[in-house]
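Q: Residues in the sequence shown are numbered consecutively from 1179, following the working numbering. Think of the CB as a built atom: it goes at the ideal place given N, C-alpha and C, for glycine as much as any other residue. Given the structure is predicted, the values throughout are model-derived calculations rather than measurements. Here it is, the structure in full.
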Amino acid sequence: MYSVNKIILLTNERKEKRMAELYEIEQKGGESTIASVCPKCKKVSYIEVKSKDILWWKNGAMVQTAFSYLSADQREMLLSGLCTECWNKLFKED
Ligand SMILES: [Zn+2]
1179 MYSVNKIILL
1189 TNERKEKRMA
1199 ELYEIEQKGG
1209 ESTIASVCPK
1219 CKKVSYIEVK
1229 SKDILWWKNG
1239 AMVQTAFSYL
1249 SADQREMLLS
1259 GLCTECWNKL
1269 FKED
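Have a look at this one:
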């Protein structure tokens, strides 16, 4: 499990429609883990990022700018909060 120093509910300055319930779990060495609680199934997903990028994003940078190294799925999770499974059910049904 994670060695949790501090958990912060994340908010963003931007006026994006935001459903995601996100928490920052601070790690040592400038790394953070973002815990995302899926609004549909309540499953928690974890995304590893740099702590300074969270600060950048909180100050108004867009997700794709601040976290350019994340996959598209991970960035989408930061916006919608949906876990991969729920996202696939909603948008990738044929
Ligand atoms: Zn889900």
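Within the continuous beta strand (DSSP E) that includes K1228, where are the two ends?
A: 1222-1228
Q: Taking the beta strand (DSSP E) that S1258 falls in, what are its first and last residues?
A: Counting along the chain, S1258 falls outside any beta strand (DSSP E), though it belongs to the alpha helix (DSSP H) covering 1250-1258.
Q: Tell me which residue opens and which closes the beta strand (DSSP E) that A1213 is part of.
A: 1209-1215
Q: I'd like to know if C1216 contacts chain C, where contact means its C-beta is closer than 8 angstroms to some C-beta of that chain.
A: You won't find chain C in this structure, because it holds only one protein chain.
Q: Around ligand 1, which residues pass a check of Cβ closer than 7 angstroms to any of its heavy atoms?
A: Taking each Cβ in turn, the ones that pass are C1216, K1218, C1219, K1221, L1260, C1261, E1263, C1264.
Q: Leaving out five residues on either side along the sequence, give the residues of the same chain with a beta carbon under 8 angstroms from the beta carbon of S1223.
A: A1213, S1214, C1216, M1255, C1261, T1262
Q: Among residues of its own chain, excluding the 5 on either side of D1231, which ones have a beta-carbon nearer than 7 angstroms to its beta-carbon?
A: A1244, F1245
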